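**Q**
Number of protein chains: 2
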Amino acid sequence: MSVFDRGERKVMTSVAVASDAVARQRIVETALELFAAKGIDSVSVRELTGHAKVNVGAVNYYFGSKAKLAELVFEQLAIRISKRRIDDLERVLRDAAERSARPDLASVVRAFIRPYVDPAMKTEGALLAQLILQHRLRPTSTTMRLIKKHFDPLAQRFVGALAQCCPEIPRPEFYWRYTFMVSTVVLTVSDLSPRHRLVRLSAGTADPSDAAATEEALVRYLVGALSAPV
Amino acid sequence: MSVFDRGERKVMTSVAVASDAVARQRIVETALELFAAKGIDSVSVRELTGHAKVNVGAVNYYFGSKAKLAELVFEQLAIRISKRRIDDLERVLRDAAERSARPDLASVVRAFIRPYVDPAMKTEGALLAQLILQHRLRPTSTTMRLIKKHFDPLAQRFVGALAQCCPEIPRPEFYWRYTFMVSTVVLTVSDLSPRHRLVRLSAGTADPSDAAATEEALVRYLVGALSAPV
DNA sequence: CTCAATGTCAAACATATGTTTGAAACATGT
DNA sequence: ACATGTTTCAAACATATGTTTGACATTGAG
């Protein structure tokens, strides 16, 4: 059973009204890091509370359940990332409009993959990837709600932008390609192998620990994929 | 903890020497189906033995542990799939050689994705995807061994074939693109959402339950991705 | 200060899961 | 028919995990 499957059982014992309890914040921060690094289901509340230096019961005390904590973490994340991505995309589209040119496909792609590859957003990107993966592999009403609410509109905008970049390609094609792109990126960034297969296969020629190189290779791949003729 | 993390604890109570026990076979078959459909960790041995109409202890009796069963199932699968894929690829390369032309990129791609999209290999493809996913998300020495042994040589052959298709692209680039392609395909075919996001986003225009349409869209995407200029 | 609200803690609880056990049933060769 | 090796079965076991509990500590307003 995955985290999001478990519903609450009963209401919290008591309610923390308005205290900015240190424990609460530490739990959220630790959850962010651990969930991003190992996936939600692989982090037990004992491990979580241990790292956060907080009692085992704290998660249930403050959040009601592990599932509620995860939901909260993911919702906050979705809001932050979604906003930033839309800003990035809007900027690309605005620039193109000012030059009265079609937007640049590579720029749109970069706006899309930024959260996943920007070192400054490493944890957030990994966490987002976990959310998507979680939903792809074990969809629940909760993950469904989060995706629908925060990422469906985003997806529509990106599909629209892609269609602007390549007007010769019929729009429905971009629904396919968009979901393929999500698959490509999400699984790429959530590869947790300590020694990545790439270095083994390529005998060191390709190095996935080089973030810039990974980004460039991804952009080349995705631009080619998205602009392929039908 | 994932299946493959668990080692054996002690030797089996007794050994089934040479009987083709019905139970044993039924367990393997059921494991194949359930693992492919839900992922390994999501299938409890009680669920498994329940479906196989076999006692709970049977898995441990015949295979020693759930992990050993999974390993066996996956190794058998890896052998079957790997052989078929190499045959497919060799045929494509041979045909090209006979025409003394470069091999067709789309044909190579089709040889690669066949196990994942061919309806006749539906279960096997899903199972293979589960193995790759398992390794990407929670690599263990067992998954590592299986991948290395059965799929690294295959990967090298495909990279070689891709380089033949596009001689103007430097070979190291194909190591990147090959792993990206694996990501794309694996996550695409392991999407278990009953109502796929695609139909929601595209308002029904794109239908992932249409296997042929999915394959064509995938081929277009991958051919574009793999042949993109550097 | 008082005391009620809030937070902390260790221990216990409930459940799910992989595994083991020991007896009974079955099969098979002599 | 017996003995022996094999299979089946229900029950118990061990462990991991999320959760709850009740006692105790801390805090802050009146």
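Chain order of the listed sequences is A and B.
The numbering of the first sequence is this note's numbering, which starts it at 921 and goes up by one.
The numbering of the second sequence is this note's numbering, which starts it at 921 and goes up by one.
Glycine included, every Cβ here is placed at the ideal spot set by N, Cα and C.
Keep in mind the model is a prediction, meaning the values are calculated, not measured.
Taking just the CA atoms, how far does B:Ala957 sit from B:Ala1132?
**A** Looking up residue 1132 of chain B in the second sequence gives position 212. Looking up residue 957 of chain B in the second sequence gives position 37. Straight-line Cα distance between these residues: approximately 20 Å.
**Q** Taking B:Ser1103 as the query, report the chain A residues whose CB atoms sit under 7 Å from its CB, ordered along the chain.
**A** The sequence position of residue 1103 of chain B within the second sequence is 183, counting from 1. Those within 7 Å of B:Ser1103 in chain A are Ser1103, Thr1104, Leu1107 and Thr1108.
**Q** Any beta carbon of chain B sitting closer than 8 Å to that of A:Val963?
**A** For the purposes of this step, residue 963 of chain A is taken as the residue at position 43 of the first sequence. Judged by the 8 Å Cβ criterion, A:Val963 is not in contact with chain B.
**Q** Between B:Thr1125 and A:Ser1103, how many whole angstroms is the CB-CB distance? I'm expecting something under 8 Å.
**A** What you label residue 1125 of chain B is simply residue 205 of the second sequence in a count that begins at 1. What you label residue 1103 of chain A is simply residue 183 of the first sequence in a count that begins at 1. With 8 Å as the limit, B:Thr1125 and A:Ser1103 do not qualify as a contact, their Cβ atoms being about 19 Å apart.
**Q** I think A:Val1119 touches A:Asp1127, with their Cβ atoms under 8 Å apart; what is that distance to the nearest whole Å?
**A** Here the question's residue 1119 of chain A lines up with position 199 in the first sequence. Here the question's residue 1127 of chain A lines up with position 207 in the first sequence. The Cβ separation is near 6 Å, so the contact holds.
**Q** Closer than 8 Å, CB to CB, is A:Arg1022 near chain B or not?
**A** Locating residue 1022 of chain A in the first sequence gives position 102, counting from the first residue. For A:Arg1022, the answer is no, since every Cβ of chain B falls outside 8 Å of its Cβ.
**Q** Straight-line CA distance for B:Lys988 to B:Ala1046?
**A** Along the second sequence, read from residue 1 onward, the residue named residue 988 of chain B stands at position 68. Along the second sequence, read from residue 1 onward, the residue named residue 1046 of chain B stands at position 126. Cα-Cα distance, rounded: 20 Å.
**Q** Could you check how far apart the C-beta atoms of A:Val974 and A:Leu1053 are, in whole angstroms? I think they sit under 8 Å.
**A** For the purposes of this step, residue 974 of chain A is taken as the residue at position 54 of the first sequence. For the purposes of this step, residue 1053 of chain A is taken as the residue at position 133 of the first sequence. Contact flag wrong, Cβ pair sits at about 27 Å.
**Q** In chain A, which residues lie less than 7 Å from B:Thr1099 when you measure between Cβ atoms?
**A** Here residue 1099 of chain B refers to the residue found at position 179 when the second sequence is read from its first residue. Near B:Thr1099 (Cβ distances below 7 Å), the residues of chain A are Arg1117 and Leu1118.
**Q** How is B:Ser964 classed by DSSP in three states: helix, strand or coil?
**A** Taking the first residue of the second sequence as position 1, residue 964 of chain B is located at position 44. Assigned with DSSP and collapsed to three states, B:Ser964 falls in coil, not helix or strand.
**Q** Could you have a look at B:Val1150 and say whether DSSP puts it in helix, strand or coil?
**A** The count along the second sequence starts at 1 and reaches residue 1150 of chain B at position 230. It is coil, neither helix nor strand.
**Q** Please decide whether A:Ala1049 counts as near chain B, where near means a Cβ-Cβ distance under 8 Å.
**A** For the purposes of this step, residue 1049 of chain A is identified with residue 129 of the first sequence, where counting begins at 1. For A:Ala1049, the answer is no, since every Cβ of chain B falls outside 8 Å of its Cβ.
**Q** Could you pull out every residue in the same chain whose Cβ sits closer than 8 Å to the Cβ of A:Glu967, ignoring the five residues on either side in sequence?
**A** Indexing the first sequence from 1 puts residue 967 of chain A at position 47. Once the five neighbours on either side are set aside, the close Cβ partners of A:Glu967 are Leu954.
**Q** Can you give the Cα-Cα distance for B:Tyr1151 and B:Tyr1036, rounded to whole angstroms?
**A** As shown, chain B starts at 921 and ends at 1150. That puts residue 1151 of chain B outside it, with no answer to give.
**Q** Is the Cβ of A:Pro1035 closer than 8 Å to any Cβ of chain B?
**A** Position 115 of the first sequence holds residue 1035 of chain A. Answer no: the Cβ-Cβ gap between A:Pro1035 and chain B never drops below 8 Å.
**Q** Using CA atoms only, rank isn't needed, just tell me which of A:Gln945, A:Glu995 and A:His1116 is closest to A:Glu1044.
**A** Position 124 of the first sequence holds residue 1044 of chain A. Each of A:Gln945, A:Glu995 and A:His1116 was checked against the Cα of A:Glu1044, and the nearest Cα belongs to A:Glu995.
**Q** Can you look up A:Leu1112 in the DSSP assignment and give me helix, strand or coil?
**A** Residue 1112 of chain A sits at position 192 when you count from the first residue of the first sequence. Coil, per DSSP.
**Q** Answer yes or no: does any C-beta atom of chain A fall closer than 8 Å to that of B:Tyr982?
**A** Looking up residue 982 of chain B in the second sequence gives position 62. No, its Cβ sits nowhere closer than 8 Å to a Cβ of chain A.
**Q** Run through chain B and tell me which residues come within less than 8 Å of A:Gln1076, C-beta to C-beta.
**A** Along the first sequence, one-based indexing puts residue 1076 of chain A at 156. Neighbours of A:Gln1076 on chain B, chain order: Leu1121.
**Q** In three-state terms, what does DSSP make of B:Cys1086?
**A** On the second sequence, residue 1086 of chain B is found 166 positions in, with the first residue counted as 1. Of the three classes helix, strand and coil, the one that applies to B:Cys1086 here is coil, per DSSP.
**Q** With 9 Å as the C-beta to C-beta threshold (strictly closer), list the residues of the stretch 1054–1070 of chain B near chain A in chain order.
**A** His1055, Arg1056, Leu1057, Arg1058, Pro1059, Met1064, Ile1067 and Lys1068
**Q** Please determine, among B:His1070, B:Leu992 and B:Arg1077, the residue with the shortest C-alpha to C-alpha distance to B:Leu1013.
**A** Within the second sequence, residue 1013 of chain B is the residue found at index 93, counting from 1. The shortest Cα separation from B:Leu1013 among B:His1070, B:Leu992 and B:Arg1077 belongs to B:Arg1077.
**Q** Reducing DSSP to helix, strand and coil, say where A:Asn975 ends up.
**A** Mapped onto the first sequence, residue 975 of chain A falls at position 55. Coil, per DSSP.
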